[in-house]
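131 is the number of the first residue of the sequence shown in this note's numbering; add one for each residue after it. One structure is given below, encoded as structure tokens.
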Amino acid sequence: MTNSRQAIGVDIGGTKIAGAVVAEDGSMLAELTEPTPETSDAATMTTLLLDMVGKLRDQYPDVVSIGVGAAGTVEWPTGRIRWAPNNAYRDWQIRTELETATGLPAVVDNDANVAGLAEARLGDTRWSDMILVTVGTGVGSGIVLGGGIYRGPHGLGSELGHIIVNPDGPLCGCGNHGCLEAYASGTALTRMGRESASDDPDGRIAALAREAGVEVTGQTVTKAAEEGDEAAQELFGRLGRWLGVGIATMTTIFELEAVVLGGGLVDTGDLLLEPARRAAREFAYGPPDARPPVPVVPGTFGSDAGKIGAALLALDHA
Ligand SMILES: [Zn+2]
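Next comes the structure, spelled out in structure tokens:
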């Protein structure tokens, strides 16, 4: 029975917390989602997390372990979250708290790391050497080398969303200026959308927000772009181009089989993929016959990759 063992996988992101009971083949047997609270401090988050784990375990009492992928700087293997640019939690001893409260073994890793593991191991194409780049609230990265997650000595590496692409660029959630994340994330799309709406109050982006009675967000820009609005599509072109610039740098550092894209913004398809692929080729190091272009492909699991990967990691360590 290849499906006999199950684990709980939880993905903690900037906007939502998603949990699932996952079998060894990656199939999800039960799922729960909650919005990330405004006050995402460690105590609030622990209460929410334990509640979600408890509800999933009530449905599947035989789960053998718990895995968490969380946005931020996560110490490995201790499972302490030191800091996160887009969440309020600091020094969160999440692994210890989970193990004490549930009596089950737990593992905690960076959210993009575990999502990368899911895509490399169980995606439609299996990869040995790849980077998963997640484009959501922020830009995350999971580096998989030789089939395993690359973490460095303490799990502090692999923060490719915060490579500097322009030191004079916009402020990033991390406090630096001009990070890839400041140009190529949902947060960046919101910023660009607001600038565009204030420059062109009669444009479609401004009109959509006005009709809905909300401030312009990345979602407003996405909706306008999907309707065919040229200004919104141009913002996606800029965002995708910056993403491709970052990807070109990644493929200069590593020899990869693929760069796989995940996170909410990848659902926009060619709006993002096409300019990202073009820039990844344009800024790649070396001629294509010497260094063949690295495919840039959407992931198999979309926004489920984090919880599936967290559970897979938990099964590995059960
Ligand atoms: Zn940054």
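Every residue, glycine too, gets a C-beta built ideally from N, C-alpha and C.
query                                                                                                                                                : result
Whose C-beta lies closer than 7 Å to the C-beta of residue 379 among residues of the same chain, with five residues either side of it excluded?      : 293
Which residues bound the beta strand (DSSP E) around residue 239?                                                                                    : 236-240
Just to confirm, is the Cβ distance from residue 365 to residue 315 under 8 Å?                                                                       : no
I'd like the ranges of any alpha helix (DSSP H) spanning at least 4 consecutive residues and lying wholly in the segment 375-419.                    : 400-412
Out of curiosity, what's the CA-to-CA distance linking residue 355 and residue 253?                                                                  : 29 Å
Which residues does DSSP pair with residue 426 in a beta bridge?                                                                                     : 389
On the DSSP letters alone, give me the boundaries of the beta strand (DSSP E) that residue 152 sits inside.                                          : 146-153
Answer with buried or exposed for residue 362, where buried requires no fewer than 16 other C-beta atoms within 10 angstroms of its C-beta.          : buried
Let's test the definition: count the other Cβ atoms within 10 Å of the Cβ of residue 170 and tell me whether it reaches 16, buried, or not, exposed. : buried
Nearer than 7 Å: is that true of the beta carbon of residue 312 relative to any heavy atom of ligand 1?                                              : yes
Tell me the DSSP secondary structure of residue 161 in three-state form.                                                                             : strand
Counting Cβ pairs closer than 8 Å, one from the segment 382-392 and one from the segment 336-355, do we hit at least three?                          : no
Any chance the CB of residue 297 is under 7 Å from a heavy atom of ligand 1?                                                                         : no
Can you tell me whether residue 292 sits near ligand 1, meaning its C-beta is under 7 Å from at least one heavy atom of the ligand?                  : yes
Between residue 300 and ligand 1, is the CB less than 7 Å from at least one heavy atom?                                                              : no
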